[in-house]
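Chemist: Protein chains in written order, with my numbering: chain Y, 4 to 248; chain V, 4 to 248. One structure, as structure tokens, below. Some questions next.
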DNA sequence: GCCTATTTGTTCGTATGTATC
DNA sequence: CGATACATACGAACAAATAGG
């Protein structure tokens, strides 16, 4: 695919790296490079625009920042896949959302431990503060790309051992089923957004500082009694939250 | 206030700029520099850690990205004031949500013009592409602090002149009422998040690159026929979206 | 498994532009 | 106006990760 090779406008107020970022973005949206495809090496792009490699790197960093490309040391720079629609409704199942988009869902347990309920968490779960909770830290992927990391809190002793069940099944829904909860619904959701910390970014396999959507939710049994508090961090440029009434 | 001056660990796998970012963040959270305070010049920080100024700039860029500091050309780099998150409810109108929280709501029309419907917009509004739409650009404040900026599209000729009505009333709900739409409902919502552009940040009176929540919504008459497409950008530091079933 | 070429990541040095005080 | 401080850009070198022979 051919791309524009017009010279940059130098000394006209718009920094070279910004112009390069714009031109590269146009190339991508116009289909010169498809999703998943590899961009030319930085050195080649630098030559194309007649600038130093640093200037190209500044432009690529801006595009990476916005989730348009992703660079991997030793491999190259690749066009990111467009965000996956993630529906949130009364019953939200991660695996359903992913498979419906034609991608393969997987979930892994990173770790689990027992923690004391904070005041906020106790109120949400309708229990006493300092009661014990089972904390699950999980990561969810679509086609092996991490979409979200979650911290889930469950009351004890009722859900003791659910961490092992989850590790086996890879699905919270199936783990619940084995603990006597055939169905559950979402009763409260809060959504915010911020930059990711270094650790969060590492788990999500994205550069530090990229944006995460923070989704706090409370799930309950169909009877209405709350059984789960979750904070999920979604890589904001891999997921688009869709609300369905 | 004194700060650590321990040397960096060089050649140990962790890049110098990451160590510097961590140390500076520790300095800030430990109170060495309070909110609003000015950091030492990049040259001084470079000297403190025994690195080139570029390395310090890389670290500061990472912190600025996360909203911890803000650099202004010619002035210096400053510690950002901690964000004050603000809840907003989904089922209510903007002005209702703000006044219910005991704050004063205001809406201003930044500009309006006539545009052609894109393919996406036409599909959402159930009209033909390239039909004319009225575009409203608005800003919404609570107690004079901008919470969001919006781009609203309305079909023409039905809503011709609604821009003037909105400018007078400062409320879309009231403007609708004067155009024969006593009530409307949200039929589709998509939520994503990203860094703000320079212009967006300026309108929201926040530093460039800070996170905005992007809320795309389609509103319809109670009969179900869509009458409005809106993209609202919320300053993520000032708003937390609350979903209520 | 090793070696090598390729590609991105980091760091330094240097210079100039531009905004603020 | 000059001094200060951040913004942009170039050149050079080496490190680190990856892919392929």
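We put the beta carbon where it would ideally sit given N, CA and C, even for glycine.
Would DSSP call residue 91 of chain V helix, strand or coil?
Modeler: Confidence in residue 91 of chain V is poor, its pLDDT being 48 and thus under 50, which makes the residue's placement too unreliable to answer from.
Chemist: Of all Cβ atoms in chain Y, is any one closer than 9 angstroms to the Cβ of residue 242 of chain V?
Modeler: It does; some Cβ of chain Y falls within 9 angstroms.
Chemist: How many Å lie between residue 79 of chain V and residue 130 of chain V at the Cα?
Modeler: When rounded, the distance between both Cα atoms is 51 angstroms.
Chemist: Opposite residue 143 of chain Y in the DSSP bridges: which residues?
Modeler: Y:110 and Y:151.
Chemist: Cβ closer than 9 angstroms: which chain V residues qualify as neighbours of residue 59 of chain Y?
Modeler: Simply none; closest approach about 16 angstroms.
Chemist: At a CB distance below 7 angstroms, what residues from the region 223-238 of chain Y approach chain V? Give them in sequence order.
Modeler: Cβ contacts with chain V come from no residue of the region 223-238 of chain Y.
Chemist: Is the CB of residue 245 of chain Y under 9 angstroms away from at least one CB in chain V?
Modeler: Answer yes: the Cβ-Cβ gap between residue 245 of chain Y and chain V drops below 9 angstroms somewhere.
Chemist: Can you tell me which of V:138, V:51, V:44 and V:177 puts its alpha carbon nearest to the alpha carbon of residue 234 of chain V?
Modeler: Measuring from the Cα of residue 234 of chain V, the nearest candidate turns out to be V:138.
Chemist: Using the Cβ count rule (16 or more neighbours within 10 Å means buried), how would you classify residue 70 of chain V?
Modeler: Label assigned to residue 70 of chain V: buried.
Chemist: Would DSSP call residue 175 of chain V helix, strand or coil?
Modeler: Residue 175 of chain V falls in the helix class under three-state DSSP.
Chemist: For residue 166 of chain Y versus residue 225 of chain Y, is the C-beta spacing smaller than 9 angstroms?
Modeler: The answer is no: Cβ separation not under 9 angstroms.
Chemist: Between the region 149-162 of chain Y and the region 229-244 of chain Y, do three or more beta carbon pairs fall short of 8 angstroms?
Modeler: Touching, per the Cβ criterion.
Chemist: May I have the straight-line CA-CA distance separating residue 128 of chain V from residue 219 of chain V, to the nearest angstrom?
Modeler: Those two C-alpha atoms are separated by around 13 angstroms.
Chemist: For residue 188 of chain V, does the count of other Cβ atoms within 10 angstroms reach 16, so buried, or fall short, so exposed?
Modeler: Exposed, since its Cβ has fewer than 16 Cβ neighbours within 10 Å.
Chemist: Could you check the C-alpha separation between residue 77 of chain V and residue 56 of chain V for me, to the nearest Å?
Modeler: So the alpha carbons of these two residues sit roughly 16 angstroms apart.
Chemist: Any contact of the region 25-38 of chain V with the region 101-117 of chain Y, i.e. 3+ C-beta pairs under 8 angstroms?
Modeler: The region 25-38 of chain V, when compared against the region 101-117 of chain Y, does not touch it at the 8 angstroms Cβ threshold.
Chemist: Specify the secondary structure class of residue 33 of chain Y as computed by DSSP and reduced to three states.
Modeler: Coil.
Chemist: With residue 238 of chain Y as the anchor, note down where its beta strand (DSSP E) starts and where it stops.
Modeler: Note, residue 238 of chain Y: beta strand (DSSP E), 229-238.
Chemist: If we define contact as Cβ-Cβ less than 9 angstroms, is residue 123 of chain Y a contact residue for chain V?
Modeler: No, residue 123 of chain Y lies away from the interface with chain V (no Cβ there is under 9 angstroms from its Cβ).
Chemist: Just to confirm the assignment, what range does the alpha helix (DSSP H) spanning residue 58 of chain V have?
Modeler: Counting along the chain, the alpha helix (DSSP H) containing residue 58 of chain V begins and ends at 56-68.
Chemist: Once you ignore the five residues that flank residue 66 of chain V on each side, which residues in its own chain have a CB closer than 7 angstroms to its CB?
Modeler: Cβ neighbours of residue 66 of chain V beyond the five flanking positions: 24, 27, 28 and 72.
Chemist: Please name the residue in V:148, V:215, V:164 and V:157 whose C-alpha comes closest to that of residue 181 of chain V.
Modeler: Nearest of V:148, V:215, V:164 and V:157 to residue 181 of chain V, Cα basis: V:164.
Chemist: Interface residues of chain Y around residue 82 of chain V at Cβ under 7 angstroms?
Modeler: Within 7 angstroms Cβ-Cβ: nothing; residue 82 of chain V doesn't reach chain Y, min ~16 angstroms.
Chemist: Where does residue 241 of chain V land, buried or exposed, given buried means 16+ other C-beta within 10 angstroms?
Modeler: Buried, because 16 or more other Cβ atoms sit within 10 Å of the Cβ of residue 241 of chain V.
Chemist: Return the Cβ separation of residue 88 of chain Y and residue 245 of chain Y in integer angstroms, given the expectation that the two are a contact with Cβ distance under 8 angstroms.
Modeler: At roughly 5 angstroms, the Cβ-Cβ gap stays under 8 angstroms, so residue 88 of chain Y and residue 245 of chain Y are in contact.
Chemist: According to DSSP, what are the bridge partners of residue 41 of chain Y?
Modeler: The partner list for residue 41 of chain Y (beta bridge, DSSP) reads Y:81.
Chemist: How is residue 118 of chain V classed by DSSP in three states: helix, strand or coil?
Modeler: Strand, per DSSP.
Chemist: Expressed to the nearest angstrom, what Euclidean distance is found between the alpha-carbon atoms of residue 192 of chain V and residue 176 of chain V?
Modeler: Cα-Cα distance, rounded: 18 angstroms.
Chemist: With distances taken from CA atoms, which of V:197, V:194, V:144 and V:22 is nearest residue 97 of chain V?
Modeler: Nearest option by C-alpha distance: V:144.
Chemist: Assign residue 113 of chain V to buried or exposed, taking buried as 16 or more other Cβ atoms, counted over all protein chains shown, within 10 Å of its Cβ.
Modeler: With fewer than 16 other Cβ atoms within 10 Å, it is exposed.
Chemist: Taking the straight line between their C-alpha atoms, what separation do you get for residue 227 of chain V and residue 62 of chain Y?
Modeler: For residue 227 of chain V and residue 62 of chain Y, the distance between alpha carbons rounds to 44 angstroms.
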